[in-house]
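Numbering (our numbering), first residue to last: 17 to 293.
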């Protein structure tokens with residue numbers, strides 16, 4: 017029962033925050049965030065601390081650095097994110113190299129293991145889901161302004177840097193929360209795929225968020241069902257389910273557009289408009 021509840025909560029959480037990741041084109045940042053947590057994980061493992069707390073600390077540093085550096089004049093957000101991604105991962109590798117016979121298994125952090133989650137993990141996911149929903153609700157208007165019309169946001173007195181930093185920290189918190197279930201390597205798909213699929217079906221933000229969360233929940237539940245039925249790694253199965261939803265949505269919406277095109281072209285209004293004189 018705990019596994020299923022965690023799968024549903026993780027899917028809903030990924031779908032909720034993934035809308036902002038997709039709309040604000042933060043997929044690359046999110047991928048960088050999952051990889052840049054590596055030095056924090058290694059450092060925590062060396063010190064005998066909780067590796068997820070170590071990863072969270074490293075991710076918060078990266079999120080803050082991106083928010084600050086990307087706002088400097090002449091700085092490109094993608095360039096800053098790419099450098100921090102490479103630098104963070106290199107730092108983790110360097111820390112491993114300093115330890116002779118580093119024998120700590122980090123595979124669970126990399127690929128996840130939802131079958132080992134505890135009641136505390138489920139409670140944590142539920143709390144983070146509630147907090148994320150609250151943050152996105154409170155900041156709904158500032159996020160809309162800064163995401164689609166930064167000039168209007170500045171004119172309205174919105175503190176864009178504070179809004180960006182809050183969103184980046186929220187994404188980092190979500191990444192760390194879903195890592196036990198799907199791992200850092202696969203976390204990006206659960207954040208991006210449901211929202212990207214929902215974006216194919218609607219342009220309305222009021223519908224986009226619940227649809228994305230629904231796709232996320234289906235991904236989590238379906239992935240766990242496939243894992244249980246065919247003995248496939250749960251994290252991989254959940255990721256593949258989210259990917260399948262995106263591909264099916266892409267195919268379905270494309271087919272619908274192709275079928276609708278002839279009817280629009282052949283409508284009396286269009287024919288009258290196209291006829292000379």
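A virtual CB, placed ideally from N, CA and C, is assigned to each residue, including glycine.
These numbers come from a predicted model, not from an experiment.
Whole-angstrom C-beta distance between residue j and residue i, which should lie under 8 Å
| i | j | result |
| --- | --- | --- |
| residue 27 | residue 265 | No, residue 27 and residue 265 are not in contact; Cβ-Cβ is about 15 Å, not under 8 Å. |
| residue 37 | residue 225 | Contact flag wrong, Cβ pair sits at about 12 Å. |
| residue 73 | residue 56 | 5 Å |
| residue 250 | residue 239 | 7 Å |
| residue 163 | residue 272 | Actually they are not in contact, since the Cβ atoms of residue 163 and residue 272 sit about 27 Å apart, beyond 8 Å. |
| residue 189 | residue 133 | Actually they are not in contact, since the Cβ atoms of residue 189 and residue 133 sit about 17 Å apart, beyond 8 Å. |
| residue 100 | residue 52 | 6 Å |
C-alpha distance - residue i paired with residue j, whole-angstrom precision
| i | j | result |
| --- | --- | --- |
| residue 138 | residue 275 | 44 Å |
| residue 126 | residue 203 | 9 Å |
| residue 21 | residue 175 | 37 Å |
| residue 165 | residue 58 | 40 Å |
| residue 104 | residue 245 | 38 Å |
| residue 194 | residue 237 | 14 Å |
| residue 63 | residue 50 | 21 Å |
| residue 257 | residue 171 | 43 Å |
| residue 158 | residue 183 | 11 Å |
| residue 29 | residue 17 | 18 Å |
| residue 185 | residue 76 | 6 Å |
| residue 228 | residue 212 | 8 Å |
| residue 24 | residue 232 | 8 Å |
| residue 142 | residue 70 | 21 Å |
| residue 31 | residue 209 | 8 Å |
At what residue ranges does the stretch 218-273 contain a whole run of the alpha helix (DSSP H), taking only runs of 4 or more? 221-246
What runs of the alpha helix (DSSP H), each 4 residues or longer, lie entirely inside the stretch 116-163? 123-127 and 135-154
Please specify which runs of the beta strand (DSSP E), each continuous and at least 3 residues long, are wholly inside the stretch 17-43, giving them in chain order. none
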